[in-house]
Structure formats: C-alpha cells, structure tokens
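Visitor:
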Amino acid sequence: ARRIGPGMVQCYDPAMDSRALEILQRERLLREAIATGAFVLHFQPQTDLRTGELCGLEALVRWRHPHRGIVGPQEFIGFCEARGLISPIGRWVLREACRQMKAWLDAGWPQVPVAVNLSALEFRQRDMVAEVAEVLQSTGLPPSCLEIELTESVLMHPEDGAQDTLNALKALGVRIAIDDFGTGYSSLAYLKRYPLDQIKIDRSFVMDTPDNADDVAIVTAIVQMARSLQLQTVAEGVETQAQVELLRALGCDICQGHVVAAPMEAAALAAWWEAWQAG
Ligand code: C2E
Ligand code: CA
Ligand code: CA
Ligand code: CA
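If you want the UniProt record's numbering, it's the 1-based position in the sequence shown plus 416.
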C-alpha cells in the first residue's frame, strides 16, 4: 500500500488485475472466434396459432467456445458491443441466416421470413441498409423472407435518423418487428410513426399466464392494440398448452417457444420440419 493523500491509502488489488486480464483474454478469444468463424446459428420455429403451420423462423447466434462448448448470446453480445466487435458478428449472422433460408426455400420450404436480431448499435451503423441490400442481392433471398428484429431502444431517439433508416429498410421489402415489446420504456407514439409489421410480446408477460391475472390483462391489451393498428403479434417464450389456448382465444397471431420447439441447428430444424409436416 502507498499513501496517495492525507488519510488515503491505495492498495494493490490483485482482483482488479485478474479482472482486467480476464477481459483481455475474453477479447482475444472472441477476436479469434471472429477470425476463424467459430459461430453457429440456431433457428427457432414460429407457428400460426390458428392453423399450426410454420410461419417464420428466428435466427439466434451461438459461439462455439474452444473449451466450454456452445455459449449463448447473453454471454458475448453485450461484451462484443462494448469492445467494438459486434459488427463482424452481426454481418455474419445476417448473411448466414439469409443463405440458409434461401437454401430452405430452394428445397421447397414455405415462403416464411427468417428473423435476424439487430442491436441498437448495429442498427445505427451507417452502412447497415446497404449491407442488408447487398446480402439480399448476393444470397438471392426474397426481401419479404427477411425480418429485422429491433428493440424499442432503437426507436427511442428519433433524432438519430431511425425514421429514415426504417423507411429505407421497408423500401427494400424487408419486414420489421419490435422485439421484447413492453420492456423498453419507450412511448407508444412510435407504433404509428414507423413502418412496422410485427410486435413480439416479451416472454416476461407470457410466462406467468394464464394464472397471473395482471399478465393476462397486459397480453390482452397488447394483442388488441396491435390488431387495431394492423400489426401482427408474436408471443415469445410460450411453454405450455394452457398458454397456447389463452393466446389463441385472445387472437394473438403467432406462437414461439419451447411448447413448439427450442432453437436448434439447421440440420435438426430440418428434421423437426419433416416430422412437423408428417404429424
Ligand atoms: P430474444 O431475441 O428475445 O430471443 C429469444 C430468447 O428466448 C432466445 O434466447 C431463445 O432461446 C429463448 N427462448 C425461446 N423460447 C423460449 C421458451 O419457451 N422459454 C424460455 N425460457 N426461453 C425461450 P437466446 O438464444 O439465449 O438469445 C438471447 C438474446 O440474445 C436474444 O433474445 C437476443 O436479444 C440476443 N441475440 C441472439 N442472437 C442474436 C444476434 O444474432 N444478434 C444480436 N444482436 N442479438 C442476438
Ligand atoms: Ca429476438
Ligand atoms: Ca425477444
Ligand atoms: Ca428477450
């Protein structure tokens, strides 16, 4: 320890060093992962609550960690954003999702959209719309088969040019969904201002239905509002048949959650799709 002022002593803190080291180590591993392409997409099906048919897929990224196996996005997306590493990952996700979806269309799958998550940081990147246009062009995926999922935080600052960016995406023919709806502290005014197609009701509102009356009231209100604004609704994180029945009765359009299937690798999804069609 050394004196750094009257009555103040600075101590050497080994924990701080090991934390800094851990961050550097993590960053090194992620840079390596980006360089070697150590990411994989899992796809989760979305089904029509009325007909039970497949009506969309969400692409969710995972990291093939050299020692820990498959690591979920919560553990690295935020970190990558903070360290300026998100853009190569986001670009890869977009291209890979479009490439895979085009391959499925070519194999005779229905013309459903694949949804890709864009963080606020990625959304604000200057060349984002051009990137989307280029990926659609080079993969040959019809624009209506790509859906971009954005959180409310993207729409909170209209001065950032969100309006122009959304209009430009829409002009490409891409679909736009609001992810985690109801969790973002934003005003509802954006619902009429922006060219949106879909609202995804956050899992936190769905998970305690039908038992929790407050959550039932919230989900009911969201579905009704979305319907009158002619926006499609997706319920996220649906796990039980009772939830499916409630959502269907409320007029929610689409179901996504473990009750249908968990996210899975492309090959497993293809097997799921075969079985789903047969059954
Ligand atoms: P999200 O967009 O809200 O994705 C839904 C999350 O809920 C996924 O977690 C999914 O595996 C999980 N989930 C789906 N159905 C159920 C269910 O029935 N029960 C429960 N308990 N969970 C369910 P995952 O894959 O770990 O992704 C977490 C978050 O990471 C995503 O939340 C999204 O915000 C972000 N993320 C994932 N992929 C990407 C990506 O490519 N780019 C960006 N920027 N973010 C991504
Ligand atoms: Ca999402
Ligand atoms: Ca979500
Ligand atoms: Ca979420």
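Don't be surprised by glycine CBs; every beta carbon is placed ideally from N, CA and C. This structure is a prediction, so every number in the text was calculated from the model and none was measured.
1. Quick one: grab the DSSP three-state call for G506.
2. Measuring straight from C-alpha to C-alpha, what distance separates L510 and E550?
3. Is DSSP giving T599 helix, strand or coil here?
4. Ligand 3 heavy atoms versus the CB of E652: any closer than 7 Å?
5. Nearest-angstrom Cα distance between G506 and N628?
6. Just checking: is the beta-carbon of E655 within a distance shorter than 8 Å of some beta-carbon in chain B?
7. Regarding D631 and ligand 3, is the C-beta to nearest heavy atom distance less than 7 Å?
8. For ligand 3, is there any heavy atom lying closer than 7 Å to the beta carbon of D669?
9. What do you reckon, is the C-beta of I493 under 7 Å from a heavy atom of ligand 1?
10. Looking at ligand 1, does it come within less than 7 Å of L476, judged from the CB to the closest heavy atom?
11. Is the beta carbon of L457 sitting closer than 8 Å to the one on M517?
Guide: Working from what's here:
1. Of the three classes helix, strand and coil, the one that applies to G506 here is helix, per DSSP.
2. If you take the alpha carbons of L510 and E550, they lie about 11 Å apart.
3. Secondary structure of T599 (DSSP, three-state): coil.
4. Yes, the Cβ of E652 comes within 7 Å of a heavy atom of ligand 3.
5. Answer to the nearest angstrom: the Cα atoms are 37 Å apart.
6. Structure shown: chain B not included; a single protein chain is present.
7. Result no, Cβ not under 7 Å from ligand 3.
8. Result no, Cβ not under 7 Å from ligand 3.
9. Yes, Cβ of I493 sits closer than 7 Å to a heavy atom of ligand 1.
10. Of the heavy atoms belonging to ligand 1, at least one sits nearer than 7 Å to the Cβ of L476.
11. Not closer than 8 Å, so no.
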